[in-house]
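Enquirer: Mind looking over this structure? Questions follow.
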Amino acid sequence: SWTPGAFVDLTVAELKEKIGEDKVVLGLSGGVDSTVAAMLLHKAIGKNLYCIFVNNGLLRKNEFEDVLHQYKDMGLNVKGVDSSARFLDALAGVSDPELKRKAIGNTFIEVFDDEAHEIKDVTYLAQGTIYPDVIESISVNGPSVTIKSHHNVGGLPDFMKLKVVEPLRMLFKDEVRRVGAELGIDKTLLGRHPFPGPGLAIRILGDITAEKVRILQEVDHVFIQGLRDWGLYDHVWQAGAILLPVQSVGVMGDERTYEQVVALRAVESTDGMTADWVNLPYKFLQKTSNTIINRVKGVNRVVYDISSKPPATIEWE
Ligand code: XMP
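One gets full-length UniProt numbering by counting positions in the sequence shown from 1 and adding 192 to each.
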């Protein structure tokens with residue numbers, strides 16, 4: 193029967209045999225799949241694995257720095273590339289959800305291609321593709337959709353002409369987590385909620401500015417840290433905050449305010465295909481709402497999303 197230990201031994205041996213002294217490039221996302229794929233390859237080929245971790249400026253508060261630090265502690269040969277400004281430029285004035293995804297996907301491809309060119313004589317592109325990505329034509333984990341549209345317009349970027357290695361392509365998510373634990377990857381990293389590739393861009397309804405990203409990062413941080421502090425984080429499949437393109441009237445001291453509304457969303461799910469909103473304790477919601485409104489300048493109202501999927505989706509865009 194399948195065990196993570198046997199999988200690691202066999203896969204590491206196969207990767208060594210297949211790759212030999214060649215170089216491999218891999219894009220890390222901060223998520224479970226790319227991290228586990230990287231650690232397997234690291235075990236097999238060490239420094240010949242070149243990891244690239246791109247900051248698209250749409251990650252959670254402090255996430256780029258924190259996760260990059262963790263990767264370095266794990267011994268990975270990783271380069272952090274802060275391209276926030278480039279992504280924000282590409283997104284300027286874009287409100288349509290699919291156009292946001294396209295702008296982000298295309299910018300990611302440009303940045304990644306530039307970085308891959310910096311590595312001399314690289315032979316392989318490694319990806320954290322897992323079995324559900326293989327059987328679904330449209331992956332929820334990454335820029336596969338936009339790669340196709342990019343491809344149609346301008347031809348394949350060079351890194352996509354590399355030979356592909358996908359050590360997780362036969363595994364389900366829970367197996368990936370077990371392999372990750374076997375490899376000694378930190379429990380908090382393995383237990384992280386799914387987070388969409390386009391990041392906070394699809395949780396800011398309407399156009400995106402640096403200021404809106406900052407506001408949403410603060411709100412999201414209060415919510416997620418609260419879930420952790422209250423021991424609720426691991427009981428939720430995915431959670432986040434959404435910045436609505438709506439202002440509402442409030443009152444602060446003697447002053448009338450007219451500020452942003454944010455929505456909080458937390459769902460239970462097994463695969464993201466269907467989802468139920470989570471019955472979070474009222475006390476928790478009350479505390480979280482107060483903290484957000486007191487702490488985050490520009491927000492005067494918090495609502496909780498009580499819609500299930502279907503017919504709603506998990507994300508609002
Ligand atoms: P929906 O909103 O479709 O989300 O119910 C289902 C799951 O997919 C994630 N999601 C994405 N992930 N790129 C991604 O990498 C995307 O464009 C994207 N859109 C949605 C979402 O966070 C949820 O886990």
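For each residue, glycine too, the CB sits at the ideal point set by N, CA and C.
These numbers come from a predicted model, not from an experiment.
By how many angstroms is the C-alpha of ASP258 removed from the C-alpha of ALA277?
Expert: The residue labelled residue 277 in the question sits at position 85 within the sequence shown. The residue labelled residue 258 in the question sits at position 66 within the sequence shown. Cα-Cα distance, rounded: 19 Å.
Enquirer: Out of PHE245, VAL314 and LEU354, which has the shortest C-alpha to C-alpha gap to GLY389?
Expert: For the purposes of this step, residue 389 is taken as the residue at position 197 of the sequence shown. Among PHE245, VAL314 and LEU354, the Cα nearest to that of GLY389 is on PHE245.
Enquirer: Going by C-alpha to C-alpha distance, which of LEU419, GLY423 and THR401 sits closest to PRO437?
Expert: Locating residue 437 in the sequence shown gives position 245, where the first residue counts as 1. Of the listed residues, the one whose Cα sits closest to PRO437 is THR401.
Enquirer: Which residue's Cα is closest to the Cα of LYS475: ASN486, THR466 and TRP422?
Expert: Here residue 475 corresponds to residue number 283 of the sequence shown, with the count starting at 1. Minimum Cα distance to LYS475 is reached at TRP422.
Enquirer: DSSP three-state call for SER481: helix, strand or coil?
Expert: Indexing the sequence shown from 1 puts residue 481 at position 289. The answer is helix: DSSP assigns SER481 an H, G or I state.
Enquirer: Count the other CB atoms within 10 Å of the CB of LYS312; is the residue buried (16 or more) or exposed (fewer)?
Expert: On the sequence shown, residue 312 is found 120 positions in, with the first residue counted as 1. LYS312 is exposed by the Cβ-count criterion.
Enquirer: What does the alpha-carbon distance come out to for the pair VAL495 and ASP366?
Expert: Your numbering for residue 495 matches position 303 in the sequence shown. Your numbering for residue 366 matches position 174 in the sequence shown. Approximately 32 Å, taken between the alpha carbons.
Enquirer: Going by the C-beta, is LYS501 closer than 7 Å to any heavy atom of the ligand XMP?
Expert: Residue mapping note: residue 501 aligns to position 309 of the sequence shown, counting from 1. At least one heavy atom of the ligand XMP is nearer than 7 Å to the Cβ of LYS501, so yes.
Enquirer: Taking the alpha-carbon positions, what's the THR483 to VAL204 distance?
Expert: By one-based count along the sequence shown, residue 483 stands at place 291. By one-based count along the sequence shown, residue 204 stands at place 12. Roughly 47 Å separates the two Cα atoms.
Enquirer: By Cβ distance below 8 Å, which residues in the same chain neighbour residue 155 in space, the five residues on each side in sequence not counted?
Expert: Shown here, the chain extends from 193 to 509; a query on residue 155 therefore has no answer.
Enquirer: If you scan the region 387 to 465 from start to end, which runs of the beta strand (DSSP E) of 3 or more residues do you find wholly inside it?
Expert: You should have 430 to 444 and 447 to 460.
Enquirer: Just the C-alpha distance for LYS340 and THR449, rounded to the nearest angstrom, thanks.
Expert: Sequence index remark: in the sequence shown, residue 340 carries index 148 (1-based). Sequence index remark: in the sequence shown, residue 449 carries index 257 (1-based). With a pLDDT of 40 at LYS340, under the threshold of 50, the predicted position of this residue should be treated as unreliable, though the coordinate-derived value follows. Spanning the two alpha carbons is a distance of roughly 46 Å.
Enquirer: Give the DSSP-derived three-state secondary structure of LEU375 in the structure shown.
Expert: Residue numbering aside, residue 375 sits at position 183 when the sequence shown is read from its first letter. Reduced to three states, the DSSP call for LEU375 is coil.
Enquirer: For the ligand XMP, is there a heavy atom less than 7 Å away from the beta-carbon of GLY222?
Expert: Taking the first residue of the sequence shown as position 1, residue 222 is located at position 30. GLY222 Cβ: outside cutoff for every heavy atom of the ligand XMP.
Enquirer: Going straight from the alpha carbon of LEU317 to that of LYS264, what length do you get?
Expert: The residue you call residue 317 lines up with position 125 of the sequence shown. The residue you call residue 264 lines up with position 72 of the sequence shown. Between LEU317 and LYS264, the C-alpha separation is close to 20 Å.
Enquirer: Going by DSSP, name the residue or residues bridged to PHE245.
Expert: Start at 1 with the first residue of the sequence shown, and residue 245 comes out as number 53. In DSSP, PHE245 forms a bridge with LEU220 and GLY272.
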